[in-house]
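Protein sequence lines, in the order shown, are assigned to chains A and B. Per this note's numbering, the very first residue in the first sequence carries number 6; after that it's consecutive. Per this note's numbering, the very first residue in the second sequence carries number 34; after that it's consecutive. One structure is given here, and the rest of the page talks about it.
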Amino acid sequence: MIIRHLSLTNVRLYARLELDLPGGLSIIQGDNAQGKTSLLEAIYYLATSHSPHGTLDRQIIRWGAEEEAPYPYAILKSDLQRRDGPHMLEIGIQRAEGNRMRKEIRIDHINKRGIDLVGQLAVVLFLPGDVDLVSGAPALRRDYLDDALSQVDAGYVRALEQYNRALTQRNALLRQAQERRIDPDELEVWNDQMVPAGVEVALRRREAVGQLTRLAAPVHRDLSNNREYLQIVYQPNFDPAAPPSTTYQLELDNTRPPTGMDSADLQTAFRAALAERQRDEMARGMTLVGPHRDDMRFIANGIDLGEYGSRGQQRTAVLALKLAEVSWMRDRIGDEPVLLLDEVLAELDPGRRQSLLMRIANSHQTIVTTTDINRFDQDFVRKAGIFTVNSGIVTKNAQG
Amino acid sequence: MPQINKTLPPSVTRLIDALSQLPGIGPKSASRLAYYLLRAPAEESVGLADALRDLKARTRFCSICQNITESNPCDVCTDPTRDRGVICVVEEPLDVTAVERSRGFTGLYHVLHGVISPMNGVGPDDLKVRELLGRVAAGPGEGTPVREVILATNPTLEGENTAAYIQRKLAGSGARVTRLARGLPVGGDLEYADEVTLSRALEGRQVM
């Protein structure tokens, strides 16, 4: 798919932007703090209805817009060319009374719910900070999985929403258990809501990680000049069939539930684990078992890159993952996602940069930002649309 | 607190402040309402004031179904033509009105006045759950046993949870516990039904 046109009103530092984008490659150049990343963020927002890395909705609205209107708003709009024809996506965000935020989503001019965005605009975003995905907190990796799956799988969005809501309620109840005696049935009925949704989330995550690792391994082998074999391993917080040791086997089919376990078995085991930890949960006032404590690990040649990998190895692993995500989304939704690369080329050595540029040369649409266009080779630049950003104003450079 | 011009007399600001406490009414709507009443004939504001005063003074919870009523027990609970063996459990008094409008129900009601939501600090004891269990255990007074309890809470996470909780508490009471069916709205279009509703409708399909 291709974003033909992007229109922003009061988004980040853009008071107003109307931008025609070509298919293939676009390079956005400009100094720091001129609006390069904001542009990619805005596109990401249109795909997911939230910002990457937990930026708040109110922060999307251009700073200063509140001085011009009592209830400041931002509008993001895009004209898409998808395999199934042209489409229009629009998200409006407005600050309402009592400091609340109102969000309206329109697809082809019709008001829709957030979940209807799934599969509309698929993007793979790569930010410099994404290297932390390998070595950072498990929450980063869960967010990554949630964001990737939420773009392609409406069933996942629903299961995750239900799980999170039931979890919030259950945690509130467990906190109350520290002050009053709660009726065991009160806890039990929340388990009834949380367990099936939690198993659904875990199963879909397992499947996604399995698919991603299968796609990422060959890319990674390539990027590491056949020296390293990457495995991305899903580590569910709750795994009734967990192997006794932490050694990782090669060629393990990790897209399916553990051997001999189906959804019903997993639910039974999840409940048993909750029962076992109940006393603990009451004492600490929170839910201690479930996919909200999942993790995934990056293993290369048997070594956990999160703990023992060099920065360079971690970067290569994330790059392989992101490139795998592109093919993964294509497989899941039957259309090519838009690839958004923010300054990532700056961090790569020439060999890997070349390898990346070759891989994205055939994508339907890739938007790359850079402070220094001279990092790209001439051939590459000639094929690209070049844009310059300066204080929230984007101009297309004349070709040649 | 909304910032209202200090030149306004206190009696006006007091009304504006009071009105803006109401749900869905901000300071702007509140001032508009206040100025409307200021200009309208005195009977209008006196009528409104009477209505507001009576609202609290004359209403109470029905001692049987916990609905809002002026006479205790309420008109539904004292109606001899209604089936006392069936109780329809709803979240709010407005839900009683909704079910009554259907004219399809001839039993009695029980109003919970909310749903279980630990996030908002609402547990079973903050609702009229105990009263319901008491009714089912005792029968409605004249020795008619309760044959069926229909759980008509909303199909939200909290509504489902509250229904599940009550169902657990009623297990072994002898009463049949049922839940409202979920599915397609009448006059609706399959094409526009969301996936969850449609899959629920499939699960709940019936032999023709």
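We put the CB at the ideal spot given by N, CA and C, even for glycine.
- Taking CB atoms only, Ile-187 (chain A) has a neighbour in chain B less than 9 Å away.
- Taken through DSSP and simplified to helix, strand or coil, Asp-270 (chain A) comes out as helix.
- Membership of Tyr-142 (chain B) in the beta strand (DSSP E) is indicated by the continuous run 140-144.
- With a 10 Å radius around the Cβ and a threshold of 16 neighbouring Cβ atoms, Leu-141 (chain B) comes out buried.
- At a cut-off of 9 Å between C-beta atoms, Gly-160 (chain A) counts as an interface residue with respect to chain B.
- One Cα belongs to Pro-57 (chain A), the other to Leu-138 (chain A), and the distance between them is close to 13 Å.
- Among the CB atoms of chain B, none fall inside 9 Å of the CB of Asp-227 (chain A).
- Membership of Cys-121 (chain B) in the beta strand (DSSP E) is indicated by the continuous run 116-123.
- Along the stretch 121-154 of chain B, going in chain order, the ones with a CB nearer than 9 Å to a CB of chain A are Ile-149, Ser-150, Pro-151, Met-152, Asn-153 and Gly-154.
- Taking the Cβ atoms as the reference, Leu-30 (chain A) lies roughly 6 Å from Lys-388 (chain A), within the contact range of under 8 Å.
- Scanning its chain for C-beta atoms nearer than 7 Å, with the 5 sequence neighbours on each side dropped, one finds around Pro-201 (chain A) the residues Gln-272, in chain order.
- When DSSP assignments are scanned along the stretch 287-344 of chain A, the uninterrupted stretches of beta strand (DSSP E) that are 3 or more residues long and fall wholly within it turn out to be 300-305.
- Per DSSP, Gly-90 (chain A) is not a residue of any alpha helix (DSSP H); the beta strand (DSSP E) it occupies stretches across 90-100.
- Shown here, Val-204 (chain A) sits in a helix according to DSSP, grouped into three states.
- Taking C-alpha positions only, Gly-356 (chain A) is separated from Leu-350 (chain A) by approximately 11 Å.
- Sequence-ordered contacts of the stretch 101-116 of chain A with chain B read Glu-102 [C-beta pairs closer than 7 Å].
- Contact holds between the stretch 319-338 of chain A and the stretch 129-138 of chain A, because three or more Cβ pairs, one in each stretch, are under 8 Å apart.
- One Cα belongs to Val-79 (chain B), the other to Glu-46 (chain A), and the distance between them is close to 56 Å.
- In this structure Leu-85 (chain B) is exposed. Its beta-carbon is surrounded by fewer than 16 other beta-carbon atoms within 10 angstroms.
- With fewer than 16 neighbouring CB atoms inside 10 Å of its own CB, Thr-130 (chain B) falls in the exposed class.
- In summary, Met-199 (chain A) is buried, with 16 or more beta-carbon neighbours lying within 10 Å of its beta-carbon over all protein chains present.
- Taking C-beta separations shorter than 8 Å and ignoring five residues to either side along the sequence, the partners of Gly-339 (chain A) in its chain run Arg-88, following chain order.
- According to DSSP, residue pairing for Tyr-168 (chain A) in a beta bridge does not occur.
- Distances from the alpha-carbon of Asp-197 (chain A) to those of A:Arg-107, A:Arg-175, A:Tyr-19 and A:Arg-105 put A:Arg-175 closest.
- By the C-beta criterion, the stretch 98-109 of chain B is judged to be in contact with the stretch 142-160 of chain B, since at least 3 inter-stretch pairs fall below 8 Å.
- Three or more beta-carbon pairs separated by less than 8 Å link the stretch 232-239 of chain A to the stretch 204-222 of chain A, which places the two stretches in contact.
- The C-beta distance from Val-148 (chain B) to Thr-186 (chain B) rounds to 6 Å, short enough to fall under 8 Å.
- When C-beta distances to chain A are compared with 8 Å, the residues of the stretch 197-208 of chain B below that value are Ala-197, Tyr-198, Arg-201 and Lys-202, in chain order.
- When beta bridges are read from the DSSP output, Leu-235 (chain A) appears opposite A:Ala-305.
- Distances from the alpha-carbon of Asn-379 (chain A) to those of A:Ile-33, A:Ser-12 and A:Leu-18 put A:Ile-33 closest.
- Interface flag for Trp-195 (chain A) against chain B is set, since a Cβ pair is found closer than 9 Å.
- In chain order, Cys-121 and Thr-211 place their CB closer than 6 Å to the CB of Ile-183 (chain B), counting only its own chain and leaving out the 5 sequence neighbours on each side.
- Sixteen is the threshold: since fewer than 16 other Cβ atoms of the shown chains lie within 10 Å of the Cβ of Gly-207 (chain B), the residue is exposed.
- For Thr-173 (chain A), the nearest beta carbon of chain B is closer than 9 Å to its own beta carbon.
- Taking CB atoms only, Val-229 (chain B) has a neighbour in chain A less than 9 Å away.
- When DSSP states are grouped into helix, strand and coil, Asn-15 (chain A) belongs to the strand group.
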